[in-house]
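Convert by adding 517 to the 1-based position in the sequence shown; the result is the number in my numbering.
One structure is given below, encoded as structure tokens.
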Amino acid sequence: MGALCTVLLTSCISSSAPGQASLNNTLAPTEVPRIASLTDGVWLKGDLHVHSRHSKESTNNPVEKIIAFSKSVGMDYLCITDHDNHVNGDVAHHTWADPEFKSDSVLLLYGAEWTTTRGHGNPFSAKPYDHQRLYDVRDQRDVVIGEVKKELGIHLSANHPSGKDHFGYSYDMLESIEVWNSVLWSKNANAIMIWDDMLSSGRKLTGRGGSDAHHGTPDTPDKATENSRQAKANYVGTPTTWVYAKDRTSQAVVDALTNGRVCISANPYAPRVEFYADIDQDGNADMMMGDNTKSTGKPVKFHIQLTGNTVSEVSYTVNVVKNGNKFGTFQATGKTPTVEFTDTPETLGRTYYRIVVEGPPTAYPQVPESMTLSENMVGLSNPIYFNFDPNF
Ligand SMILES: [Zn+2]
Ligand SMILES: [Zn+2]
């Protein structure tokens with residue numbers, strides 16, 4: 518019966534909607550999860566896609582250098598994602614066993630780049646998992662891979678889903694998608710389109726970033742390679758993925774990624790986009806990006822805020838996307854630029870809203886050439902969801 522109700526969730530929802538006073542308390546947990554606290558948490562920033570010397574095409578990028586750099590620019594977490602095919606899937610004895618794979622301040626996630634002929638993906642885990650098993654089933658059917666992935670208890674994410682090495686597996690196996698790969702913002706348009714397609718089809722899929730940086734700054738000039746100049750244009754933090762985590766632990770970072778309380782900034786110093794909704798219009802936010810509830814048919818007040826090093830005296834362009842289409846464009850200025858808008862999500866059917874912020878780039882002195890390449894992209898939010906089936 519639970520399954521039937523899941524299938525018929527929309528009608529289950531609408532039949533109980535009229536006259537409902539409290540949005541969350543009357544719902545069965547299987548219908549819409551209770552919205553987690555909006556204040557009992559911490560914003561953490563990091564990079565989810567970086568290659569060290571354990572990836573063969575990487576240069577001047579030992580693990581220690583990546584971690585030290587991450588710490589120097591204030592990163593809270595990091596996932597080094599070396600190509601598993603370079604070590605026949607044996608990440609545990611390479612990247613993770615590297616004596617340099619440790620930090621007293623940066624939370625290190627366990628991951629790798631699942632590098633297959635059907636595309637690339639990143640598993641994320643707070644603890645070591647048997648990556649070899651995922652590697653070994655890479656050429657099997659999705660239904661087999663999905664079972665292994667479930668047994669491993671990992672978060673799985675599509676990398677650079679369009680174009681070269683596009684992601685060809687089922688999106689049903691995923692928790693997230695890399696919608697902003699590397700500093701070259703312009704090449705991500707197709708990834709954004711795929712994301713909107715997946716969201717529109719009912720998948721609650723987190724959008725995340727990843728620099729995909731392979732090359733570090735050479736320690737001495739004679740160590741330079743033809744790719745060394747990339748270190749000045751695309752490195753850890755271009756872009757930066759923010760998560761609103763329950764606490765400062767690796768597990769909380771992975772959970773936040775899964776839950777979608779995530780936004781992406783052009784670099785670690787650029788402001789982050791926070792996106793909230795006040796469902797009962799009492800002046801207090803009831804949900805934030807990544808959260809899902811059901812529509813009451815009443816208007817909802819949305820609040821967007823840029824937090825951090827905003828460039829003063831300039832105007833940011835805040836674009837609201839509703840169900841994959843442009844909903845509105847607003848201008849925001851000041852030390853903490855904010856935008857508010859009101860809309861009524863459909864009572865029947867799904868609705869999502871997400872935010873794209875454009876404006877002046879924020880300086881990233883450690884990666885000085887990144888500013889021109891990320892163009893005027895400042896940040897992306899994840900969606901706020903209405904009437905999404907959490908069991909989809
Ligand atoms: Zn890749
Ligand atoms: Zn990569």
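We put the CB at the ideal spot given by N, CA and C, even for glycine.
Treat the numbers as computed from the prediction; the structure is a model and nothing was measured.
| request: Check whether the Cβ atoms of V856 and I821 lie closer than 7 Å to each other. | output: If you number the sequence shown from 1, residue 856 lands on position 339. If you number the sequence shown from 1, residue 821 lands on position 304. Cβ atoms of V856 and I821: closer than 7 Å.
| query | Roughly how many whole angstroms lie between the Cα atoms of T748 and D860? | reply | By 1-based counting over the sequence shown, the position of residue 748 is 231. By 1-based counting over the sequence shown, the position of residue 860 is 343. In the sequence under discussion, the amino acid at residue 748 is Ala, which differs from the Thr named in the question. Their Cα atoms are separated by approximately 44 Å.
| request: Say whether chain B places a C-beta atom closer than 7 Å to the C-beta of T598. | output: Here chain B cannot be found, since the structure has a single protein chain.
| query | Considering D581, what are the terminal residues of the alpha helix (DSSP H) in which it resides? | reply | Counting from one through the sequence shown, the residue named residue 581 turns up at place 64. Strictly speaking, residue 581 in this sequence is Glu, with Asp absent from that position. Residues V580 to S589.
| task | Put N842 into one of helix, strand or coil per three-state DSSP. | result | Here residue 842 refers to the residue found at position 325 when the sequence shown is read from its first residue. The answer is strand: DSSP assigns N842 an E or B state.
| query | K721: which of I552, W702, K573 and R867 sits nearest, CA to CA? | reply | By 1-based counting over the sequence shown, the position of residue 721 is 204. Out of I552, W702, K573 and R867, the CA that lies nearest to the CA of K721 is found in R867.
| query | Going by other Cβ atoms of all chains shown within 10 Å of its Cβ, with 16 needed for buried, is T634 buried or exposed? | reply | Along the sequence shown, one-based indexing puts residue 634 at 117. It counts as exposed.
| request: Starting from Q768, follow its DSSP beta bridges and name the residues at the other end. | output: Here the question's residue 768 lines up with position 251 in the sequence shown. Bridge pairing for Q768: absent [DSSP].
| request: Assign P640 to one of three DSSP states: helix, strand, or coil. | output: Taking the first residue of the sequence shown as position 1, residue 640 is located at position 123. Correct three-state label for P640: strand.
| From D599, Y833 and G814, pick the residue whose C-alpha is nearest to that of L626; which is it? | Residue numbering aside, residue 626 sits at position 109 when the sequence shown is read from its first letter. Check the Cα spacing between L626 and each of D599, Y833 and G814: the tightest is with D599.
| task | Return the first residue and the last residue of the beta strand (DSSP E) that V661 is part of. | result | Numbered from its first residue, the sequence shown carries residue 661 at position 144. Counting along the chain, V661 falls outside any beta strand (DSSP E), though it belongs to the alpha helix (DSSP H) covering D659 to L669.
| Reduced DSSP secondary structure (H/G/I, E/B, other) of Q848 | Residue 848 sits at position 331 when you count from the first residue of the sequence shown. Q848 falls in the strand class under three-state DSSP.
| For W631, the nearest candidate out of V604, P616, A614 and E617 (CA to CA) | The sequence position of residue 631 within the sequence shown is 114, counting from 1. The shortest Cα separation from W631 among V604, P616, A614 and E617 belongs to V604.
| field | Other residues of its chain near S620: CB distance less than 6 Å, five sequence neighbours each side excluded | value | Counting from one through the sequence shown, the residue named residue 620 turns up at place 103. Answer for S620: I584, listed in chain order.
| Is the distance from the Cβ of L555 to the Cβ of A802 below 7 Å? | Here residue 555 is taken as the residue at index 38 of the sequence shown, counted from 1. Here residue 802 is taken as the residue at index 285 of the sequence shown, counted from 1. Yes, Cβ-Cβ distance for L555 and A802 is below 7 Å.
| Nearest candidate by alpha-carbon position, reference F819, set Q848, V696, R871 and E743 | By one-based count along the sequence shown, residue 819 stands at place 302. Comparing Cα-Cα distances from F819 to each of Q848, V696, R871 and E743, the minimum goes to R871.
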